[in-house]
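Under this note's numbering, think of the first position of the sequence shown as 1, with each following residue one higher.
For glycine and all other residues, C-beta sits at the position ideal for the given N, C-alpha and C.
Have a look at the structure below before the remarks.
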Amino acid sequence: MSIFERAPLLEALKAGADQLQLSLPDESLEKLLDYLALLQKWNGVYNLTAVRDPKQMLTQHVLDCMAALPAFTHARRVLDVGSGGGLPGVVLAIWALHAAPEMRIDMIDTVHKKTAFLTQAKAELGLTNVKVHTGRVEQFQSPEKYDVITSRAFAELGDFIQWSGHLLADPGEMIALKGQARTMEKETMPEGWCIKKIDALTVPGMEAERHLVHIEKIRKN
């Protein structure tokens with residue numbers, strides 16, 4: 001990404017952060033653009049995202065994930081399931097370096113080329129708070145449970161819970177980044193789970209519906 005392309009992207013990123021009322025140091029903003037440059041570079045070979053234009057990538061990927069950041073403020077151990085090109089995991093990790101230095105983010109995907117990209121991004125961006133795993137989440141075991149498990153465009157809610165629910169701490173919550181909050185998905189929740197709340201998100205420059213679906217285990221009295 002050339003310096004001529006970077007300047008307007010940085011301006012748009014700063015404006016988006018202001019609109020989202022996120023206080024990000026210049027170092028974090030620059031690191032987010034470095035990530036965007038990596039994503040664009042690797043996308044040419046590995047097809048990490050169907051979005052090709054950097055401006056659209058900034059809006060549809062980076063700002064979209066940034067809009068969800070306040071929901072993770074109190075998280076300490078996060079698992080990003082089906083992380084793909086690092087959304088929301090890498091964006092969350094960049095933000096957390098300054099905003100939540102105790103937070104640790106694990107990212108898992110079944111596709112080796114995607115985890116190869118994530119490993120490279122971790123190294124180049126200096127994401128000391130990240131671990132990358134290759135494999136199926138339903139077979140993944142962790143010595144310590146996660147207080148938040150998240151996903152973006154990964155699977156239906158029922159599958160998301162069935163495959164990764166065993167990794168959730170108690171108490172803990174699952175946060176799914178979704179477009180429309182479909183009634184059908186609410187009606188197919190696995191037994192023992194419930195939707196705690198659904199938050200509508202406003203993403204700068206995006207007209208499409210975006211929601212955060214918060215899921216938790218039903219606690220027995």
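Using CA atoms only, rank isn't needed, just tell me which of the options is closest to residue i.
i	options	result
Gly16	Asp53, Ala7 and Ala67	Ala67
Lys196	Gly172, Ser23, Ala12 and Glu207	Gly172
Pro204	Gln60, Tyr46, Leu32 and Ala155	Gln60
Gly84	Arg76, Lys55, Thr49 and Asp64	Thr49
Arg6	Gln21, Pro25, Leu32 and Ser23	Leu32
Val130	Gly86, Pro54 and Lys114	Gly86
Pro25	Ala37, Leu10 and Leu39	Leu10
Arg219	Asp199, Pro8, Cys194 and Met107	Cys194
Asp64	Val90, Val45 and Gln120	Val90
Leu212	Met206, Ala181 and Asn43	Ala181
Arg104	Trp42, Gly158, Thr73 and Ser23	Thr73
Tyr35	Glu156, Leu22, Ala99 and Phe117	Phe117
Asp109	Val45, Ala155 and Glu102	Ala155
Leu174	Ala153, Lys217, Ala208 and Phe140	The residue you asked about is not Leu; residue 174 is Met in the sequence shown. Cα-wise, what sits closest to Met174 is Lys217.
Glu138	Ala153, Gly165 and Lys113	Gly165
Val81	Arg136, Val62, Asp53 and Pro8	Arg136
Ala99	Asp53, Ala71, Ala153 and Ser151	Ala71
Asn47	Lys113, Gln120, Arg210 and Ala37	Lys113
Glu191	Asp159, Ala200, Glu207 and Asp199	Asp159
Phe140	Arg152, Met107 and Ala153	Met107
Glu124	Asp170, Glu209, Arg210 and Ala37	Ala37
Leu92	Gln120, Val62 and Thr119	Val62
Based on the DSSP output, what are the partners of residue i in its beta bridges?
i	result
Arg77	Arg104
Glu214	The sequence given here places His at residue 214; Glu does not occur at that position. Per DSSP, Ile175 and Lys197.
Ser151	Val81 and Ala176
Lys131	Asp106
Leu168	Tyr146
Indicate whether residue i and residue j have their beta-carbon atoms separated by less than 9 Å.
i	j	result
Ile161	Met189	yes
Lys122	Val111	no
Met57	Leu39	yes
Gly88	Leu177	Reading off the sequence shown, one finds Pro at residue 88, where the question assumed Gly. Yes, the Cβ-Cβ distance between Pro88 and Leu177 is below 9 Å.
Ile235	Leu127	With the chain covering 1 to 221 only, the question about residue 235 has no answer from this structure.
Leu29	Lys41	no
Trp95	Leu201	no
Lys55	Pro101	no
Gly179	Glu207	no
Closer than 8 Å to a non-hydrogen atom of the ligand ZN - does that hold for the CB of residue i?
i	result
Val51	The model depicted lacks the ligand ZN and carries no ligand whatsoever.
Please confirm if residue i has its CB atom under 9 Å from at least one CB of chain C.
i	result
Ser164	Absent from the structure: chain C. Only one protein chain is present.
*Is the segment 143-153 close to the segment 74-82, with three or more CB pairs under 8 Å?*
yes
*What are the uninterrupted segments assigned as beta strand (DSSP E) that are 3 or more residues long and contained completely in the segment 24-72, given in chain order?*
none
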